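J.: After the structure tokens below, expect a handful of questions from me.
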Amino acid sequence: MNARPFKTAYELQDMIVEQARSLHGPWPSGMTMFVFDDAYGWSASISRPVSEDDNFYRARTLDLITKFKAKYDLDTPCL
0 MNARPFKTAY
10 ELQDMIVEQA
20 RSLHGPWPSG
30 MTMFVFDDAY
40 GWSASISRPV
50 SEDDNFYRAR
60 TLDLITKFKA
70 KYDLDTPCL
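Mapped onto numbering that gives the first Met the number 0, the consecutive letters of the sequence shown carry residue numbers 0 to 78.
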């Protein structure tokens, strides 16, 4: 069995933003993203775009999130 590496929500968020910046330029001002645990592992949410350029950036970043979900599992704290 080939287990996926674990990353914290902060690590995943930083990796996604860094990759988006390297591919598509600076992160749009006012656009926010957060990574969270869900019933299927993890997911990420990005705020709504305010322009067509932001919409393009958001769509490409959502594609990146899909790729990261296939590569990494969320490291959640055990309570």
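Each residue gets a CB set at the ideal place from its N, CA and C atoms; glycine is no exception. Computed from a predicted model, the values in this text were never measured in an experiment.
1. Can you tell me where the alpha helix (DSSP H) with ASP62 in it begins and where it stops?
2. Here's a check: name, in chain order, each residue in its chain whose Cβ is nearer than 7 Å to the Cβ of SER42, leaving out the five neighbours to either side.
3. Please list, in chain order, all residues of the same chain as ASP74 whose beta carbon is under 7 Å from its beta carbon, the five residues on each side excluded.
4. Identify the continuous beta strand (DSSP E) that holds ALA43 and give its terminal residues.
5. In whole angstroms, what separates the C-alpha of MET14 from that of MET32?
6. At what residues does the beta strand (DSSP E) containing ASP37 begin and finish?
T.: Straight from the coordinates:
1. 51-70
2. PHE35
3. PHE5, LYS6 and THR7
4. 40-45
5. 12 Å
6. 32-37
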